[in-house]
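Asker:
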Amino acid sequence: MSDPEKPDLEERVVRLERLVELLLHRGRSEQHRPETRAPSRSGGGEGSPQAGEGRPRAEEGSPRSSTAQTRSPSLAGQSERWLGAIGIGFVVLAAALLLKLSFDRGWITPALRLIAGFGAGTVLLVLGLRLEQARRRLAQVLLGGSIALFYLVGFAGFQLYGLLPFWVALPLMTGTTVLSFVLSVRQDSPPLAVIGISGGLATPFLLETWSGNMNALAVYASLVLLGGGAVQLYRGWVLLLGALLVGGTIVLSMVVFGADGAVVVLPGLAIAVFWLVGAASPLLRPVMGALPSPDGPPVSELEASRAALGFGTLVTVLLLSAHLSLEGREVGWVLFFFALVTGAVAYRTRGVSLTQWPSAEISALCAAFGLWFVTDDPAAILLIAAEAFILFALVGRGGPASLRTIGHVLAAVVAWVFLYYAANAPLDGFLGLREDAFARLGVVGVFVGCSMLVEKNLAPRYRAAAYVGLLVWVLSEWGPKPYGAQLVSIAWSLQGATALVASVRNRSQPLQLVGLATLGLVAGKLLLFDLSQLDPVWRILMFFGFGASLLGLAYLVNLPGDSEKAVQD
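Okay, so the sequence shown: first residue is 2 according to my numbering, each after it adds one.
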């Protein structure tokens with residue numbers, strides 16, 4: 002190829018690239034800019050190819066031009082969205098005001114008003130569908146306005162004017178809900194789905210046909226929730242999931258509190274549908290890999306799954322308890338049922354963290370609350386402490402790490418309740434001890450076991466809690482007895498001496514400090530309390546025995562160990 006033909010070919014290639022770019026970015030601000038990439042024939046000429054090639058490189062490498070190209074479409078899109086939303090809001094408001102004004106002054110008949118509203122909604126629907134490729138955000142706004150107008154026509158035609166019979170108004174508004182779901186999937190627009198689920202659940206109340214017919218309301222709410230749940234399962238929109246949970250809670254609360262005792266089956270099924278809708282999408286979507294992935298990072302989806310499953314389960318238990326008049330242990334068995342179901346899901350979905358983690362967490366919480374409702378309050382703390390131990394063991398065997406946090410929370414609650422019952426439990430238990438005294442002693446042993454399974458930095462805290470718990474248990478159970486002060490001092494002295502001797506054998510300075518602190522506690526008790534409260538004989542015996550014990554410990558703590566003896570020999 003000759004040199005004069007080379008610049009002309011390069012010039013044509015550059016112009017062709019520019020033309021393709023204009024076609025791809027049609028509708029954006031770049032299409033109105035001059036074509037600066039292509040070299041000018043009059044300015045560059047065939048004899049100066051470098052002048053024609055240097056310009057595009059300079060423009061493409063300029064930070065200012067690249068920033069303008071990336072920011073301008075985003076800014077334009079935001080402006081289009083907000084201006085369109087505000088504009089369609091004013092249009093709908095103007096339509097409502099026009100209807101009211103025409104009604105007050107008698108300009109047009111009610112039938113013409115309904116026809117005008119339906120026609121305006123149809124026009125907005127057609128325009129939105131026509132503009133869905135070129136102006137996607139504006140199209141979504143127009144479609145949302147058409148949905149709102151259709152709902153308004155159905156409500157006004159039946160409730161305000163009485164021109165539409167019920168068998169026309171209900172299908173109109175229900176069809177609008179279905180249309181909203183279809184358009185939301187077509188446009189990939191969560192707000193359209195939220196409008197549909199909100200309007201669908203509100204339809205019976207707008208038409209005022211739900212009063213006294215709770216079975217029909219329960220069936221209708223179930224169908225709307227299933228439709229919205231199908232869209233949510235397919236798309237995974239967090240906004241739609243929140244609307245399903247909130248709207249379902251409001252409607253089903255009215256169903257439960259408005260139904261009499263004879264209406265049981267259909268409201269109960271509606272509550273079950275509500276839980277399935279709230280739980281199915283967060284739990285099944287990560288398993289169904291063929292479906293499109295939801296928006297947002299995995300962390301945000303995990304938080305949404307936890308919130309949805311937790312909120313849905315809580316509301317379901319409350320609604321079932323109110324609907325079936327459950328109390329106490331009956332509520333606990335319902336919680337055990339959900340713990341079993343979610344636990345089975347967590348077991349079957351091992352390796353899928355977005356499903357396993359929320360299921361395991363809700364299962365653990367339901368089991369803990371179920372234990373509290375089913376068992377007696379003092380004995381429940383032992384079982385809940387055992388659950389914390391099991392959770393730590395599951396984490397050690399590869400379970401969700403979040404179970405460790407739940408285990409720590411349960412252990413903290415058990416420790417607080419342990420102290421409460423140690424001070425307030427009645428003295429009518431076995432062997433004259435407080436009620437369920439041995440259950441609380443078992444809690445101390447469980448804490449020792451937990452210290453072997455938790456993180457290394459938290460293990461000393463669990464051992465310290467068990468140590469202090471034993472001191473509190475001795476004071477609580479033996480203190481109120483005859484000669485209780487002497488027994489407590491002796492038991493504390495033995496516990497402190499044991500800790501001190503164990504620290505010497507294990508060369509553990511923290512354990513040595515604990516033993517010394519316990520013996521110091523005994524010394525303070527003898528001087529501040531026993532000195533004035535005990536009989537003289539007991540006082541002498543206690544002081545003599547404690548002093549002799551300290552002398553013996555002083556001798557034992559300085560005995561050389563086996564290694565030191567070998568070095569001396």
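Beta carbons are placed, not taken as given, at the ideal position from N, Cα and C, and that holds for glycine.
Compare the C-alpha of L253 against each of V169, W238, L241 and G269 and name the closest.
Answerer: Selection V169, W238, L241 and G269 evaluated against L253 yields G269 as nearest (Cα-Cα).
Asker: Can you tell me whether G553 is buried or exposed? The criterion is at least 16 other CB atoms within 10 Å of its CB, across all chains shown.
Answerer: exposed
Asker: Which whole-angstrom value is the C-beta distance of G371 and A340, which I expect to be below 8 angstroms?
Answerer: 6 angstroms
Asker: Do you know offhand how far I251's Cα is from V316's?
Answerer: 10 angstroms
Asker: What does the alpha-carbon distance come out to for the pair A244 and L10?
Answerer: 59 angstroms
Asker: Looking at the structure shown, is K101 part of a helix, part of a strand, or coil, going by DSSP?
Answerer: helix
Asker: Which term fits L17, buried or exposed, when burial requires 16 or more other beta carbons within 10 angstroms of its beta carbon?
Answerer: exposed
Asker: When DSSP labels each residue in this structure, what does S509 get in the three-state scheme?
Answerer: coil
Asker: Between I198, L165, G163 and F167, which has its C-alpha nearest L180's C-alpha?
Answerer: Out of I198, L165, G163 and F167, I198 has the C-alpha closest to the C-alpha of L180.
Asker: Should the segment 133 to 149 be regarded as contacting the segment 82 to 89, the criterion being three or more beta carbon pairs within less than 8 angstroms?
Answerer: yes
Asker: Quick check on R136: does DSSP put it in helix, strand or coil?
Answerer: R136: coil per DSSP, three-state reduction.
Asker: For G120, count neighbouring C-beta atoms within 10 Å of its own C-beta (all shown protein chains included) and say buried if the count is 16 or more, exposed if not.
Answerer: exposed
Asker: D531 by DSSP, collapsed to three states: which one?
Answerer: helix
Asker: Check for me: the alpha helix (DSSP H) holding Y484 runs from which residue to which?
Answerer: It is not in any alpha helix (DSSP H) - Y484 carries neither H nor E in the DSSP assignment.
Asker: Between the alpha carbons of L164 and Y348, how many angstroms are there, rounded?
Answerer: 57 angstroms
Asker: On a CA-only basis, which of R286, P287, V257 and V288 is nearest A273? Give me that one, please.
Answerer: The option with the nearest alpha carbon to A273 is V257.
Asker: Across the segment 461 to 472 and the segment 409 to 424, are there enough close Cβ pairs to call them in contact, namely three or more that are closer than 8 angstroms?
Answerer: The segment 461 to 472, when compared against the segment 409 to 424, does touch it at the 8 angstroms Cβ threshold.
Asker: With a Cβ-Cβ cutoff of 7 angstroms, do Y152 and T123 count as a contact?
Answerer: The criterion of a C-beta distance shorter than 7 angstroms is not satisfied by Y152 and T123.
Asker: Would you please state the rounded distance, in angstroms, between the beta carbons of L310 and L284? I believe it to be under 8 angstroms.
Answerer: 7 angstroms
Asker: Would G248 and L202 qualify as a contact pair, given that the criterion is a beta-carbon distance under 7 angstroms?
Answerer: yes
Asker: From which residue to which residue does the alpha helix (DSSP H) around E362 run?
Answerer: S354 to V375
Asker: Short of 7 angstroms in beta carbon distance, which residues of its chain neighbour A381, apart from the five on each side in sequence? Order them along the chain.
Answerer: Non-local beta-carbon contacts of A381 in its own chain, meaning distances under 7 angstroms to residues more than five positions away in sequence, involve L372 and W373 in chain order.
Asker: Checking 7 angstroms against the spacing of the C-beta atoms, do L126 and G155 come in under that value?
Answerer: no
Asker: From L321 to L327, what does the alpha carbon distance come to, in whole angstroms?
Answerer: 8 angstroms
Asker: Taking a contact to mean a Cβ-Cβ separation below 7 angstroms, would you say W474 touches V489 in this structure?
Answerer: No.
Asker: On the CB-based measure, 16 or more other CB atoms within 10 Å of its CB, does S533 come out buried or exposed?
Answerer: exposed
Asker: Check the C-beta distance from T356 over to V346 and give it rounded, since I have them as a contact under 8 angstroms.
Answerer: 7 angstroms
Asker: Compute the distance between the beta-carbons of L128 and L150, then report whether it is under 7 angstroms.
Answerer: Not a contact, by the Cβ cut-off of 7 angstroms.
Asker: Would a C-beta distance cut-off of 7 angstroms place G497 and G485 closer than the cut-off?
Answerer: no
Asker: Who are the Cβ neighbours of F448 in its own chain at under 6 angstroms, not counting the five residues just before and after it?
Answerer: Y463, A466 and A467
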